[in-house]
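Written below as structure tokens is the structure these notes are about.
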Amino acid sequence: MNNLRHDTPKPPESPGWTELHRHLDVSLRLSTLLELAQRRGLEGQSTTLKAFKRRIQLVEPMESLAQVLSKFTLFQEVLSRPEDLERVAREAAHDCYQEGCRRVELRFSPSFICEDGSLSWEEALDAFDRGLQEALGELPGLEAGLLLIASRDYGPESAARTAELYLKNLHRVVGLDLAGSESDFPARRFAEAFRPVLLEKRRAPELVHITIHAGEAAGPQSVWEALELLGAERIGHGIRAFEDPLLVEHLRKEDICLEMCPTSNWITRAVDSFGEHPLKLALETGVPACINTDDPAIFGVTLGDEVRISREHIGLSPAQVRQSFEHAARASFLGGTDPTG
Ligand SMILES: [Zn+2]
């Protein structure tokens, strides 16, 4: 399947794409990741980018979760200095822009980034925000915003702290997410942590936004909990929602956008093949869904690759691709108008 990511045609001039689901902390250019790893002595000076890529990128379905987690550890280890986080955010915004995006939401987990304690959560947010603001000054017509992720695996207390950081930074963070091991850490355990956010959302619905990773590794119940207990306005992935007709109808009626990430779902074996991916089914049944990269550096994809895969392997028509980006623009927490016109 390596051929999927070769010869990707350049996206048409400024298609005005919107991307809602992209993890900033694992979106590093691999050249940057290698440079930072070498500087910290985590990689030999003689390692070539080609050899590094071969080792780091996941281009085929994984054998185990441990295989993926071992890749994430390196990202975590190199992101320990504010200037490096700043650079990573700036480069990620430039990469999105080059890929044809004019509106992008970038998310990161403070508990993941700051686990070793060398940076405070506020320092990490400040640094990513500085990098993003620099990029916005350099890239005409780009809109971009940060989301904070509460990581399920770090537990409810850490999630409550993430929610608190979010509420303190509503002027510069556009939304809150929950990600991680869905089956081991169900959404109901985080209801208490999200309560202050839901209260604030009642007061200022235009300012407070919630998206939840759900229905990726766990079934429809996980999506129901994300919606009913955590107030999700959008769902990250949501591919297993289609196992429950009542849920599908609810998503359609309530206009809940599913942030779908085809390559990620194939690599993590959430789907067995692109042919089984429910993106097309979602669009055909009137459930808003959009196309995203998730973790582009690890999976070696661009948004253009995902669009091509959606067309060639999932069977979307050009009109359905356009429609998915219209859904993304409408569901964006950045607000404003649809850049696709
Ligand atoms: Zn994700």
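In this text, residue positions in the sequence shown follow my numbering: the first is -11, and each later residue adds one.
Ideal Cβ positions, reconstructed from N, Cα and C, are used throughout, including at glycine.
Of the residues the options, the one placed nearest residue i, counting alpha carbons only
i: Ala25; options: Arg10, Gln64 and Gln45; result: Gln64
i: Ala167; options: Phe100, Pro208 and Gly129; result: Phe100
i: Arg160; options: Phe182, Ser171, Gln308 and Arg118; result: Arg118
i: Ser108; options: Met248, Arg69, Glu237 and Leu62; result: Arg69
i: Glu237; options: Ala270, Ala147, Arg43 and Ala319; result: Ala270
i: Gly288; options: Glu31, Arg75, Arg43 and Val309; result: Arg43
i: Leu73; options: Glu87, Arg27, Leu12 and Ile255; result: Leu12
i: Pro266; options: Val295, Glu231 and Ala220; result: Glu231
i: Ser261; options: Ala307, Ser169, Phe96 and Gly303; result: Gly303
i: Arg190; options: Glu87, Gly219, Leu62 and Leu153; result: Gly219
C-alpha gap between residue i and residue j, whole angstroms
i: Ser305; j: Ser298; result: 9 Å
i: Met(-11); j: Glu48; result: Unreliable positioning characterises Met(-11) in this predicted model, as indicated by a pLDDT of 41, which lies under 50. A coordinate reading is not provided.
i: Ala151; j: Leu195; result: 14 Å
i: Glu110; j: Cys102; result: 10 Å
i: Ser58; j: Leu18; result: 16 Å
i: Gly263; j: Leu120; result: 36 Å
i: Leu186; j: Gly4; result: 32 Å
i: Gly323; j: Ser34; result: 46 Å
i: Arg183; j: Pro144; result: 12 Å
i: Leu30; j: Ser15; result: 19 Å
i: Gly39; j: Ala285; result: Checking the displayed sequence, the identity of residue 39 turns out to be Ala instead of Gly. Cα to Cα, Ala39 sits roughly 15 Å from Ala285.
i: Leu215; j: Leu164; result: 14 Å
i: Lys(-2); j: Asp104; result: Because the pLDDT at Lys(-2) is just 47, under 50, the model does not fix this residue reliably, and the point stays unresolved.
i: Glu314; j: Ala148; result: 33 Å
i: Asn253; j: Asn280; result: 11 Å
i: Val66; j: Asp172; result: 28 Å
Cβ pair residue i, residue j closer than 9 Å
i: Ala205; j: Gly226; result: no
i: Glu158; j: Ala179; result: Per the sequence shown, the amino acid found at residue 158 is Leu instead of Glu. Cβ distance not < 9 Å, so Leu158 and Ala179 don't count as in contact.
i: His9; j: Thr251; result: no
i: His82; j: Glu126; result: yes
i: Ala77; j: Ala123; result: yes
i: Glu79; j: Thr20; result: yes
i: Cys84; j: Glu7; result: yes
i: Asp282; j: Cys249; result: yes
i: Ala316; j: Glu272; result: no
i: Leu135; j: Phe321; result: yes
i: Thr256; j: Met50; result: yes
i: Val295; j: Val275; result: no
Paired residues, beta bridge with residue i - DSSP
i: Met248; result: Ile279
i: Leu136; result: Phe96 and Leu164
i: Ala202; result: His225
i: Thr61; result: DSSP lists no partner for Thr61.
i: Cys89; result: Trp5
i: His11; result: Arg95
i: Glu131; result: Arg91
Report task. Examine the Cβ distances between the stretch 239 to 253 and the stretch 170 to 177 and report whether three or more of them are shorter than 8 Å. Result -> Taking one beta carbon from each stretch, the stretch 239 to 253 and the stretch 170 to 177 have fewer than 3 pairs nearer than 8 Å; the two do not touch.
Query raised in the report: Pairing CB atoms from the stretch 86 to 93 with CB atoms from the stretch 129 to 144, are three or more of them under 8 Å?
Result: The stretch 86 to 93, when compared against the stretch 129 to 144, does touch it at the 8 Å Cβ threshold.
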